[in-house]
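In the UniProt record's numbering, the protein residues as written are 64 to 223.
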Ligand code: IDP
């Protein structure tokens, strides 16, 4: 598996979020990025990307034995995705809350999947499930020089 190329910057937590091909095709890219922006997380990486099959397989490697694995990989490579790197305290768990339950039918209204999806196989968006996986996935989807460390001037208005 790929090395962890992304260092943790101080105590800052990072998450890998991705608009899946259905989200891109349905024109929800702006809306999805906007939900994380308005929450207050800092955008440190962003790109439109055509996923190589090997990368999709590596990303979902833990699910290799699942019956839906093949279709999942086909879905993820079926069109461009938008790769999003976010940073901030508690960003992994918070992004998962904003995204909602894996199956959009179980996802609360107000979450991305709850508002925008109806099937688990077309659930619009991905978010890392642990800080460790956040760093692992950022290392898979981004080159080091694609992650930008920048000073966010609204920080004093977001953090005490
Ligand atoms: P997560 O994306 O909410 O973390 P995981 O269990 O890690 O959920 O599953 C990864 C992805 O695999 C899901 O987002 C979904 O796209 C797909 N998936 C999960 N369970 C099913 C299923 O039962 N049928 C089809 N696709 C599934």
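Ideal Cβ positions, reconstructed from N, Cα and C, are used throughout, including at glycine. Owing to the predicted nature of the structure, the values given are computational and were not obtained by experimental measurement.
key: Interface flag, residue 174 vs chain D, CB-CB below 9 Å   = Protein chains in the displayed structure number just one, and chain D is not present.
task = Write down every uninterrupted run of the alpha helix (DSSP H) in the region 125-161 whose length is 4 residues or greater and which is fully enclosed by it, in chain order.
result = 132-139
request  = Select from 209, 111, 103, 171 the residue whose C-alpha is nearest the C-alpha of residue 217.
outcome  = 103
request  = Run the proximity test for residue 162: is its beta-carbon closer than 8 Å to any non-hydrogen atom belonging to the ligand IDP?
outcome  = yes
query = Is residue 221 helix, strand or coil by DSSP?
reply = helix
key: Own chain residues within Cβ distance below 7 Å of residue 190, not counting five before or after   = 78, 80, 158, 159, 162
Run of the beta strand (DSSP E) containing residue 77, from where it starts to where it stops = 77-82
query = Just how far apart, CA to CA, sit residue 212 and residue 107?
reply = 6 Å
query = What is the C-beta distance between residue 85 and residue 185, in whole angstroms, given that I count them as a contact (C-beta under 8 Å)?
reply = 5 Å
query = When we look at the beta-carbon of residue 220 and count the other beta-carbons within 10 Å, is it buried (16 or more) or exposed?
reply = exposed
message = Less than 9 Å between the C-beta atoms of residue 203 and residue 118, yes or no?
response = yes
ask   = What do you reckon, is the C-beta of residue 183 under 8 Å from a heavy atom of the ligand IDP?
value = yes
inquiry  = Could you tell me the alpha carbon to alpha carbon distance between residue 142 and residue 180, rounded to whole angstroms?
reply    = 17 Å
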